[in-house]
Each structure stands twice: as structure tokens, then as C-alpha cells.
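Residues 491 to 676 in this note's numbering are what the sequence shown spells out, letter by letter.
Idealized CB from N, CA, C, for every residue including glycine.
Predicted model only: the values in this text are computed from it and were never measured.
Working notes, beginning with the structure itself.
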Amino acid sequence: MDNIEIIRNFANVQWNEGLTKSSSFYFNKVYMIDKNVVKTLVDEWLQDKEYFLVDIEISQDNRIVVEIDHADGVWIEDCVDLSRFIEDHLDREKEDFELEVGSAGLGQPFKVPQQYINFVGKEVEVLDADGQKVKGILKSVDGNDFTVSVEEKVKVEGKKRPVKQEVDHIYQMDQVKYTKYLISFK
Numbered sequence: 491m492d493n494i495e496i497i498r499n500f501a502n503v504q505w506n507e508g509l510t511k512s513s514s515f516y517f518n519k520v521y522m523i524d525k526n527v528v529k530t531l532v533d534e535w536l537q538d539k540e541y542f543l544v545d546i547e548i549s550q551d552n553r554i555v556v557e558i559d560h561a562d563g564v565w566i567e568d569c570v571d572l573s574r575f576i577e578d579h580l581d582r583e584k585e586d587f588e589l590e591v592g593s594a595g596l597g598q599p600f601k602v603p604q605q606y607i608n609f610v611g612k613e614v615e616v617l618d619a620d621g622q623k624v625k626g627i628l629k630s631v632d633g634n635d636f637t638v639s640v641e642e643k644v645k646v647e648g649k650k651r652p653v654k655q656e657v658d659h660i661y662q663m664d665q666v667k668y669t670k671y672l673i674s675f676k
């Protein structure tokens with residue numbers, strides 16, 4: 491039960507016991523942990539490590555979710571180490587919180603450019619701004635642009651039937667709805 495719920499329940503009890511609307515009761519100030527504080531802590535922990543920050547989310551009830559990644563995957567020991575580092579620098583007496591540190595999910599959409607770089611040469615799915623899904627090999631990343639090589643049937647002059655060819659599609663990271671790695675069990 492969070493602080494707001496406790497206060498709401500207290501108010502209902504007071505009201506049900508016949509107290510008037512003008513009855514006063516004490517509201518505790520509910521603090522919310524600042525995302526920039528958590529980001530600064532994560533950035534400090536990341537120094538001299540090959541990990542990179544993917545995302546930080548903080549809910550209204552101070553549930554902090556930190557996602558990190560690494561080209562070779564994320565070790566549980568490092569998640570525990572980062573979690574302890576953050577906990578050691580936040581004051582639970584002032585602001586209670588729940589903390590979850592983990593890796594970015596394999597089948598989840600990419601959130602930062604480094605994820606695109608890590609998956610060059612791998613099969614990805616792109617949902618473009620028009621709602622069209624494309625599956626292909628992530629060929630290259632250049633700044634905000636990335637290229638996906640897709641096998642398409644193309645009409646070739648002098649041939650009756652279309653022929654399969656590799657066609658490159660260039661996208662901008664901020665112009666697609668999502669890009670995600672396609673897990674293959676072949």
C-alpha cells in the first residue's frame with residue numbers, strides 16, 4: 491500500500507466516523523526520486539566499463555527500473571553491483587523506493603543507438619512510420635541512419651517472373667516506430 495492509499499484510507503475512516511468535511515488530518519509529503527539523480531549515479535558506475543545505459547524509468551510510487559546493456563550480454567553480478575551502488579547513494583529515510591536493475595530484453599525494441607550497433611549483421615524487424623513491417627539483416631549504422639538489407643522479389647527486364655534480390659532500405663532511428671532483434675532458433 492503506498493502513501494497516497496494510506497492517506498485516502500485514513501480520510502475514509504475519518505469521514506465514516508461522522509467527522510465533518512472541515513475535519514483536518516495530516517498529509518505526509520510524498521517525494522518522488524529525480525530521474526536525473528539516478529542517471530548521474532548510473533553514469534558514474536558506468537565509467538571505465540563497456541556497459542551502456544539503455545533506459546531509466548521511475549514510476550509515481552518510486553519504482554526505479556534501470557536497463558543496461560553490453561555487446562557481449564549483461565552479467566547478473568554486474569546488475570547486483572549497480573543495484574547496490576545506486577542503493578548506497580539514495581536515502582531510503584527520505585524517499586522509499588523499489589529498485590530493479592537488468593538488461594534490455596532481447597526481443598524488445600531498441601531504445602539507444604548503441605543497441606543498433608551491437609546488432610549489425612543480425613536479423614531485425616523494423617516497423618516504419620507508415621505501419622509497414624520489414625524483416626532483414628541490419629547492414630550498417632551511421633549516426634541516426636541505419637540500413638536494413640531485405641530480400642525482395644524484383645521484376646527484372648527480360649524475365650517473366652520476379653527474381654529475389656537483396657534491396658537496401660535506409661531508415662532514421664527517430665522515424666521508425668520500432669526496430670528489434672529477431673531471435674532465431676535455427
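Through-space distance from Asp586 to Asp551, alpha-carbon basis: Your numbering for residue 551 matches position 61 in the sequence shown. Your numbering for residue 586 matches position 96 in the sequence shown. In a straight line, the C-alpha of Asp551 is about 9 Å away from that of Asp586.
8 Å Cβ cutoff met for Glu557 and Gly592: Looking up residue 557 in the sequence shown gives position 67. Looking up residue 592 in the sequence shown gives position 102. Yes; because the gap between Cβ atoms is below 8 Å, this pair is in contact.
Cβ-Cβ distance between Leu644 and Val631 below 8 Å: Here residue 644 corresponds to residue number 154 of the sequence shown, with the count starting at 1. Here residue 631 corresponds to residue number 141 of the sequence shown, with the count starting at 1. A small fix is needed here, since residue 644 is Val in this sequence, not Leu. No. Outside cutoff.
Whole-number beta carbon distance between Val555 and Glu547, since they are thought to touch under 8 Å: The residue given as residue 547 occupies position 57 in the sequence shown. The residue given as residue 555 occupies position 65 in the sequence shown. That belief holds up - the Cβ atoms of Glu547 and Val555 are roughly 5 Å apart, short of 8 Å.
Nearest-angstrom Cα separation, counted from Gln604 out to Glu613: Position 123 of the sequence shown, counted from the start, is the residue given in the question as residue 613. Position 114 of the sequence shown, counted from the start, is the residue given in the question as residue 604. Glu613 and Gln604: Cα-Cα distance of roughly 16 Å.
Cβ-Cβ separation, Lys601 to Ala594 (assumed contact under 8 Å), whole Å: Within the sequence shown, numbered from 1, the residue matching residue 594 stands at position 104. Within the sequence shown, numbered from 1, the residue matching residue 601 stands at position 111. Right, the Cβ-Cβ distance comes to about 7 Å (below 8 Å), so this counts as a contact.
6 Å Cβ shell around Glu588 - same chain, five flanking residues per side excluded: Within the sequence shown, residue 588 is the residue found at index 98, counting from 1. Arg553, listed in sequence order.
CA-to-CA distance, Val638 to Glu620, given in whole angstroms: Against the sequence shown, residue 620 aligns to sequence position 130. Against the sequence shown, residue 638 aligns to sequence position 148. Reading off the sequence shown, one finds Asp at residue 620, where the question assumed Glu. Looking at the two C-alpha atoms, the distance is approximately 16 Å.
Beta-carbon proximity of Tyr671 to Leu617, cut-off 8 Å: Indexing the sequence shown from 1 puts residue 671 at position 181. Indexing the sequence shown from 1 puts residue 617 at position 127. No, the Cβ-Cβ distance between Tyr671 and Leu617 is not below 8 Å.
Closest Cα partner of Val657 within the set Ser674, Gln665 and Lys629: Position 167 of the sequence shown, counted from the start, is the residue given in the question as residue 657. Considering only alpha carbons, the answer is Lys629.
Proximal residues to Leu572 (C-beta, below 6 Å), its chain only, five neighbours per side dropped: Stepping through the sequence shown from its first residue, residue 572 is reached at position 82. The answer, listed in chain order, is Trp535 and Val591.
Whole runs of the beta strand (DSSP E) within the region 533-590, excluding any shorter than 3 residues: 542-548 and 553-559
DSSP-derived helix/strand/coil call for Asp618: Residue numbering aside, residue 618 sits at position 128 when the sequence shown is read from its first letter. Note: Asp618 maps to strand in three-state DSSP.
Helix, strand or coil at Leu672 according to DSSP, with G and I counted as helix: Residue 672 sits at position 182 when you count from the first residue of the sequence shown. In the structure shown, Leu672 sits in coil (DSSP, three-state: anything other than H, G, I, E or B).
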